[in-house]
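Participant: Take this structure, written in C-alpha cells, and hold onto it; I'll ask about it next.
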Amino acid sequence: MVVVLLGPPGAGKGTQCKRIIDKFKLTHLSSGDILRSERAAGTELGKKAQSFMDSGKLVPDDLIIEMMVGAITKAKGNCVLDGFPRTVVQAAELDKELKRKGNVIDAVVNLIIDDSVVENRITGRRSCPTCGAVYHIKSLRPKVDGFCDKCKGQSLTQRLDDKPDVIRERLKTYHQQTSAVVGYYTDAGGEVLDVDADRAIDAVTAEIIEKLESLILAK
Ligand code: ADP
Ligand code: AMP
588 MVVVLLGPPG AGKGTQCKRI IDKFKLTHLS SGDILRSERA AGTELGKKAQ
638 SFMDSGKLVP DDLIIEMMVG AITKAKGNCV LDGFPRTVVQ AAELDKELKR
688 KGNVIDAVVN LIIDDSVVEN RITGRRSCPT CGAVYHIKSL RPKVDGFCDK
738 CKGQSLTQRL DDKPDVIRER LKTYHQQTSA VVGYYTDAGG EVLDVDADRA
788 IDAVTAEIIE KLESLILAK
C-alpha cells in the first residue's frame, strides 16, 4: 500500500505519519528526514542538498527522485510518503516508477491549513536528534521541558530551517511549486482525501484513519 501525505510545511505530516504507520503496517518515508540523515552522515547527497535546505528552496528533482525511489524499493512498496512528491515532475516520476514495479498510489491525503497557523507550529517545533520524535513548545510539550521523553537526557533541538525568514521562503516555495501537486492528482482522476489539519492532533489522526479505512473497504 502506498499513501501520499500532502500539505504545507508544519501542517503535521510527520506527526500524523508516526501515528498511522502501525495501524496500516507502513514504513514512514520522510524526504526531509532522509536528507537530514544524509547531511549528518556527510554523504555527497547531503552536501549537495545543504544549501537548498538551509535557504528554504527545493533540492533538485533528480537527486530527490533517485533517493526516494531507493527508499520506496527498500520499503517493498509499503509506505507513507511525507514531503514527497513536492513538484509535478516528482509526482509524474513517482507514478512511472510505481507502474514499472506493478504498484500504484492507493491514497492521497491532503492536510489543509493556513500559513498563519503553520508559522506558529514551525517556530515552536523541537525535535530529538536521536530518535526523531517531534514536539512543540506549547501544543506538544515533553514531560520535562527541552528533553526527549523517550531518549532520557537527550536535549531537543530546533531545526536550522525553522527560523522565521527561512519559514517564509519555505511557504513561498510550497505555494509556487508544491501546491500544484494536489491538482496533478485530481487531474489524473484520483480522489484526494482532504483533511482539515487545524484541529487537535487526535482529531486529525482519527479523520485520516477513518478516510483510509473507508477507501480500503471500498476496494
Ligand atoms: P510537517 O511534518 O508537516 O512539517 P510536523 O508534524 O513536524 O509538520 O508538525 C509541525 C509542528 O506542529 C510540530 O512541532 C508538531 O508537534 C506540531 N503539530 C503537529 N500537528 C499539530 C496539531 N494538530 N495541533 C498543534 N500542533 C501540531
Ligand atoms: P521537510 O523536512 O519536509 O520540511 O523538508 C526540509 C527541506 O528538505 C525542504 O525545505 C527542502 O529543501 C528539502 N526537501 C524535502 N523533501 C523534498 C522534495 N521532495 N523535493 C525537494 N526538496 C525537498
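The sequence shown lines up with residues 588 to 806 when you count with this note's numbering. Every residue, glycine too, gets a C-beta built ideally from N, C-alpha and C. Bear in mind that the values here come from a model prediction, so they are computed numbers and not experimental data.
1. Can residue 615 and residue 667 be called in contact, C-beta distance under 8 Å?
2. Between the C-alpha atoms of residue 794 and residue 782, what's the straight-line distance to the nearest angstrom?
3. Among the residues of its own chain, which have a CB less than 7 Å from the CB of residue 695, if the five just before and after it don't count?
4. How long is the line joining the alpha carbons of residue 657 and residue 683, rounded to whole angstroms?
5. At a cut-off of 7 Å, is residue 723 close to the ligand ADP when judged by its beta-carbon and the heavy atoms of the ligand?
6. Using a threshold of 8 Å, state whether the C-beta atoms of residue 633 and residue 625 are closer than that.
7. How long is the line joining the alpha carbons of residue 602 and residue 700, rounded to whole angstroms?
8. Residue 651: buried (16+ other C-beta within 10 angstroms of its C-beta) or exposed?
9. Can you tell me whether residue 636 is buried or exposed? The criterion is at least 16 other CB atoms within 10 Å of its CB, across all chains shown.
10. Note down the Cα distance separating residue 688 from residue 628, rounded to an integer number of angstroms.
11. To which residues of the same chain is residue 767 closer than 6 Å at the C-beta, ignoring the five residues directly before and after it?
12. Whose C-beta lies closer than 7 Å to the C-beta of residue 742 among residues of the same chain, with five residues either side of it excluded?
13. Would you say the segment 789-803 touches the segment 700-712, given that touching needs at least three Cβ pairs under 8 Å?
14. Please report the distance separating the alpha-carbon of residue 659 from that of residue 750.
15. Any heavy atom of the ligand GDP closer than 7 Å to the Cβ of residue 682?
16. Measuring CB to CB, does residue 598 end up less than 8 Å from residue 784?
17. If you reduce the DSSP assignment to three classes, tell me which class residue 744 lands in.
18. Taking the Cβ atom as the reference point for each residue, do residue 760 and residue 644 lie within a distance shorter than 8 Å?
19. Closer than 7 Å to a non-hydrogen atom of the ligand ADP - does that hold for the CB of residue 701?
20. Look up residue 696 in the DSSP assignment and say whether it is helix, strand or coil.
21. Quick one: complete beta strand (DSSP E) runs, 3+ long, within the segment 668-713?
22. Taking 8 Å as the CB-CB limit, is residue 801 close to chain C?
23. Mapping the DSSP letters down to three states, classify residue 736 as helix, strand or coil.
Facilitator: To lay it out plainly:
1. Yes, the pair counts as a contact, with Cβ atoms nearer than the cut-off.
2. Between the C-alpha atoms of residue 794 and residue 782 there is a straight-line separation of about 7 Å.
3. Within the same chain, residue 695 has close Cβ partners 591, 593, 772, 777, 779 and 780.
4. Going from the Cα of residue 657 to the Cα of residue 683 covers about 14 Å.
5. Within the chosen limit of 7 Å, the ligand ADP reaches the beta carbon of residue 723 through at least one heavy atom.
6. Their beta carbons are under 8 Å apart, which means residue 633 touches residue 625 by this criterion.
7. Whole-angstrom Cα-Cα distance: 15 Å.
8. Flag for residue 651 reads buried.
9. Buried is the label assigned to residue 636, since at least 16 other Cβ atoms lie within 10 Å of its Cβ.
10. Straight-line spacing of the CA atoms in residue 688 and residue 628 works out to 30 Å.
11. Excluding residues within five positions, the ones whose Cβ falls inside 6 Å are 675.
12. The beta carbon of residue 742 sits closer than 7 Å to the beta carbons of 733 and 734 from its chain, once the five residues preceding and following it are set aside; these are given in chain order.
13. Not touching, per the Cβ criterion.
14. One C-alpha to the other measures close to 30 Å.
15. You won't find the ligand GDP in this model; what it holds is the ligand ADP and the ligand AMP.
16. Yes; because the gap between Cβ atoms is below 8 Å, this pair is in contact.
17. Residue state, collapsed to three classes: strand.
18. At a Cβ-Cβ threshold of 8 Å, residue 760 and residue 644 count as neighbours.
19. It does not: the Cβ of residue 701 is nowhere closer than 7 Å to a heavy atom of the ligand ADP.
20. Residue 696: strand per DSSP, three-state reduction.
21. Entirely contained in the segment 668-713, the beta strand (DSSP E) runs reaching 3 residues are, in chain order, 694-699.
22. Reference to chain C is not applicable here, since this structure consists of a single protein chain.
23. Here residue 736 sits in coil by DSSP.
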